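**Q** Numbering (our numbering), first residue to last: -11 to 248. Structure in structure tokens, see below.
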Amino acid sequence: MVHFVGAGSGAVDLITVRGQKLLREADVIIYAGSLVNPALLDNRKEDCSVYNSAKMTLEEVMDVIREAEKEQKTTVRLHTGDPCIYGAIREQMDLMDREGISYDYCPGVSAFCGAASALNLEYTLPSVSQSVIITRMAGRTPVPEKESIESFAAHHATMVIFLSTGMLQELSQRLMEGGYEADTPAAIVYKATWPDEKSFVCTVATLAETAEKNHITKTALILVGDAIAHTNYQRSELYHPAFTTEFRQATMSSHGEAEK
């Protein structure tokens, strides 16, 4: 059996209870060593075999899994954050499907959630933004043309941009070409929830300058949108005394008068 496990965004105690239990029971752990906090491996079984997938190809990962299956061992494939975002898990699952290898998936705390916690943000502020766009710049791995930074920027929604810290000058230009004003709030969050986490609030126009000034070159998320300033938003209707829900009757009218 293979368990895909989300390691969380960085802090050791942000792995799920289920994920931690699977790690402790694993006979084999294959972890994304370039991004996963190695302290998560401290509570593994003494005889557990550990492999760092940062130094492996997909074929080499599958060789380890096949060997573990032959020996009727349990494998944990430990990915950073939540594997559903830039985790390259589908290609592994497809190979396992072809070979009849059983697997399941334990979700984790994504780095985009960790980045919000670093700044105490709510990405979806009423009347400001009710959508979050998760994307990245095209680099050595391309991005479909229909998913250009400019096309997403035109929505003026909250954006969380992965894997793009080394291209911030171009990112700023493309965000502004897509419709964001130069002074639109933005932020850089380095290693969200790790002990050495750093966060910097800036603007779309000053992303590259802010990163250079603070020596941020990788392992950071870029946040963009008016929600980052957390101003000029409306209060939630759900908790408004004039709003009736399945669980609570309104106690005043929409005009502020007490209900009789």
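Backbone N, C-alpha and C fix where the C-beta goes; we use that ideal spot for every residue, glycine too. Just so it is clear, the structure is predicted and the values come from calculations on it, not from any experiment.
1. DSSP three-state call for residue 187: helix, strand or coil?
2. Return the CA-CA distance between residue 216 and residue 56, expressed in angstroms with no decimal places.
3. Give the DSSP-derived three-state secondary structure of residue 94 in the structure shown.
4. To the nearest angstrom, how far is it from the Cα of residue 70 to the Cα of residue 147?
5. Would you list the one or two residues that DSSP bridges to residue 235?
6. Along the chain, where does the beta strand (DSSP E) that runs through residue 208 open and close?
7. According to DSSP, is residue 105 helix, strand or coil?
8. Would you give the residue range spanned by the beta strand (DSSP E) that residue 174 belongs to?
9. Have a look at 168, 177, 227 and 142 and flag the residue whose alpha-carbon is nearest the alpha-carbon of residue 153.
10. Nearest CA to the CA of residue 157: which residue from 135, 192 and 133?
11. Just to confirm my understanding: we take residue -7, look at its own chain, exclude 5 residues before and 5 after, and list those with CB closer than 6 angstroms. What are they?
12. Hey, would you say residue 18 sits closer than 8 angstroms to residue 39, going by beta carbons?
13. Can you check which of these residues, 182, 13 and 200, is closest to residue 97 by C-alpha distance?
14. Is there contact here, the region 21 to 37 with the region 128 to 136, by at least three beta-carbon pairs under 8 angstroms?
15. Quick check: the Cα distance between residue 3 and residue -4, rounded to an integer number of angstroms?
16. Spatial neighbours of residue 113 within its chain, please: C-beta separation below 6 angstroms, excluding the five flanking residues on both sides.
17. Could you check which residue in 77, 88 and 68 has the C-alpha nearest to that of residue 58?
18. Measuring straight from C-alpha to C-alpha, what distance separates residue 43 and residue 227?
19. Please return the same chain residues whose Cβ sits closer than 6 angstroms to the Cβ of residue 186, not counting the five positions on each side in sequence.
20. Buried or exposed, going by whether 16 or more other CB atoms sit within 10 Å of the CB of residue 26?
21. Name the DSSP bridge partner or partners of residue 63?
22. Of the choices 150, 171 and 127, whose alpha-carbon is the least far from that of residue 144?
**A** Inspection of the coordinates gives the following:
1. In the structure shown, residue 187 sits in a strand (DSSP, three-state: E or B).
2. The straight-line gap from Cα to Cα measures roughly 46 angstroms.
3. In this structure, residue 94 counts as strand in the three-state DSSP scheme.
4. Taking the straight line from one Cα to the other gives about 18 angstroms.
5. Answer by DSSP bridge pairing: none, since residue 235 is not bridged.
6. 208 to 212 is the span of the beta strand (DSSP E), which, as asked, contains residue 208.
7. Residue 105: helix per DSSP, three-state reduction.
8. Under the DSSP assignment, residue 174 falls in the beta strand (DSSP E) whose first and last residues are 173 to 178.
9. Comparing Cα-Cα distances from residue 153 to each of 168, 177, 227 and 142, the minimum goes to 177.
10. If we check each option's Cα against that of residue 157, 192 comes out closest.
11. Take residue -7, set aside five residues on each side of it, and the residues of its chain with a beta-carbon closer than 6 angstroms to its own are 7, 10, 64, 66 and 94, in chain order.
12. Taking 8 angstroms as the Cβ cut-off, residue 18 and residue 39 qualify as a contacting pair.
13. Taking only the C-alpha atoms, the option nearest residue 97 is 182.
14. Using a Cβ-Cβ distance cut-off of 8 angstroms, the region 21 to 37 and the region 128 to 136 are not in contact, since fewer than three pairs of beta carbons, one from each stretch, lie closer than that value.
15. Residue 3 and residue -4 have their C-alpha atoms some 5 angstroms from each other.
16. For residue 113, where only same-chain residues beyond five positions count, the Cβ hits under 6 angstroms are 215 and 221.
17. The shortest C-alpha separation from residue 58 is found at 88.
18. For residue 43 and residue 227, the distance between alpha carbons rounds to 50 angstroms.
19. Correct list, in chain order: 178.
20. It is exposed - the Cβ of residue 26 has fewer than 16 other Cβ atoms within 10 Å.
21. DSSP, once it has assigned bridges, lists -10 and 16 as partnering residue 63.
22. Nearest option by C-alpha distance: 171.
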